[in-house]
Structure formats: C-alpha cells, structure tokens
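Everything in the sequence shown is counted per my numbering, starting at 8 for the first residue and increasing by one. Glycine residues also receive a C-beta, built at the ideal position from the N, C-alpha and C atoms. Computed from a predicted structure; not experimentally measured.
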Amino acid sequence: MYMRCSTNIIKRFDLKVYLEILNTKEINLAFVAPPVVVAFAKNPIVKNYKIQNLKAFICGAAPLSKELEDEILQKYGIKCGQAYGMTELSPLSHTDTVDEKRSGAAGRLAANMEQIVVDIETGEHLGRNKRGELRLKGPNVMMGYYKNEQATKETFDENGHMKTGDIVYIDDDGYIFVVDRLKELIKVRGFQVPPAELEALLLTHPDVADACVIGVPCSKAGELPKGFITLKNPSATNKQEIIKSIHAYFGEHLAHYK
C-alpha cells in the first residue's frame, strides 16, 4: 500500500485458487510462508498456469532452504527473498533486497542493531559459521512484556540482549542463516538435531513432495527423528523401495546421529 500497489489477500491457501489469482491479476510480488514455496516447487499443476508476471516471493515465518530457493529460480525464474523478525523486534532485524540476497539466507543485520550468537549449553559467544542461539539488542527491540516481569526477565540476558530462541549461524559476509527453533531441536545421544534441516533434505529427494520431521522418545538415544512424507506419486506401488532409497540418501548426506 505504501508503494501504491494493488493488494490481493486470500482467506486460506489453496494452490489452485492461488494460481488462478496469479494468472488473472498479474501479480508481481507475493508474501508467503515456506509451504507455499514447497507447493510451487513440487506440484505439477503449476506448469498449467501463466505465472510469468510473478518475479519474487518474500518468505517468512520459518526457514526456507537454499535448495528450495534454487529449485524455484531454476524452474520458474522466481527469486526468493527472506527476512528475519518477530513482534518483539518491531518487527524486523534482518533483511536484504531480492537482488542482493544470498540463497538460503534471511538477510543481514539492520542498522543500529547488535547481534551475538551463543552456545546453547554454555552461553559462550561463538564466531562466524558456528551454530547457536541468536540474541539481539537495538532501539527496535521491545522493552518487555506488558505486566509480565517474569517473562521479560527470562527473555533478556544480563547484557540486555533479547533471546530469540532461534538457532542460527552467520557467515563471513554477515548473512544470517536460520537453522530451527531452539525448543524444536531433537536431542539424539546428546547431539542437537534440527528437524528443519532434515525436512529440507527430504524435499530434495526426487520422490518426495512434502515432508515433516518430529522427535519421538527412545530408551537408548533419548529421542530419534521420525519423518512423515507425501509422495509425488501417491499411488506408487514401490513404497518400500522408496523408503530404502531415502535411507540411503540420508546416509550419503548426513552425520550418523541424524
């Protein structure tokens, strides 16, 4: 609205309805969550619609993998931009233009802000390219939660940095990559396994249309990751072969404890 652009809002996401709107309204820019990008990348009906006017997705709410961004760009020429923020940050702390961004990254730190990444066990400050919890300080960060001193105290560290609860790493050029939510990490034999990372890898398998990974209790390991998938071909008769193929695929791409 600030740019005087026409705006289209739908009550709930339905891929066919969404594609029809893109087709008839000649939409140039779409604000989405990762499941929409997954649907575009994996569902064959997208090719039946004229979406050449759509130049970019701006994606938020959850991490979007580099592989998925690259797939959308290769298939349809649509660029994917990401940003990082939350209500407590009024609302953004990291962003970039679509043309300047780095694939898989959620942007770079906004002006006048300070960021640190800390070890989730020890609180030690970590360097570049090391995974830990993101903590932020700046004029846009909230003062606290209204009439909830305890929640406010738990959300800020002793130096005034707000604990975001997100696991990230920052590369050598200052781009931030969101790995997962701290509370969603799966603890396998003492290792921290982010389900979003496993979901992103599942989505690169040629037989997988969509995926979800959760942690399940295990008497020996504490927890184990368990994956749920939707096949590109739901009527496939070789499902056991596909499962074996996925296990082998994971063995080639992941550490043993994942």
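Residue i - DSSP class collapsed to helix/strand/coil
i, result
"residue 80", "helix"
"residue 34", "coil"
"residue 39", "strand"
"residue 20", "coil"
"residue 101", "strand"
"residue 202", "helix"
"residue 146", "coil"
Test item: CB-CB of residue i and residue j under 8 Å
i, j, result
"residue 215", "residue 265", "no"
"residue 52", "residue 23", "yes"
"residue 204", "residue 173", "no"
"residue 177", "residue 202", "no"
"residue 183", "residue 101", "yes"
"residue 142", "residue 104", "no"
"residue 175", "residue 124", "yes"
"residue 207", "residue 74", "yes"
"residue 67", "residue 46", "no"
"residue 236", "residue 209", "yes"
"residue 196", "residue 229", "yes"
"residue 65", "residue 38", "yes"
"residue 113", "residue 86", "no"
Contacts around residue i, its chain only, beta-carbon distance under 6 Å, and the 5 residues preceding and following it disregarded
i, result
"residue 108", "88"
Nearest to residue i (by Cα), restricted to the options the options
i, options, result
"residue 83", "104, 99, 41 and 55", "55"
"residue 90", "71, 80 and 75", "71"
"residue 7", "254, 79 and 180", "Shown here, the chain extends from 8 to 265; a query on residue 7 therefore has no answer."
"residue 146", "234, 253 and 118", "118"
"residue 98", "76, 79 and 149", "149"
Neighbourhood of residue i by C-beta distance below 8 Å, restricted to the same chain and skipping five residues each side
i, result
"residue 248", "none"
Presumed contact (8 Å Cβ cut-off) between residue i and residue j, rounded CB distance
i, j, result
"residue 28", "residue 60", "Actually they do not touch by this definition, with Cβ atoms about 11 Å apart."
"residue 232", "residue 193", "5 Å"
Contacts around residue i, its chain only, beta-carbon distance under 7 Å, and the 5 residues preceding and following it disregarded
i, result
"residue 81", "none"
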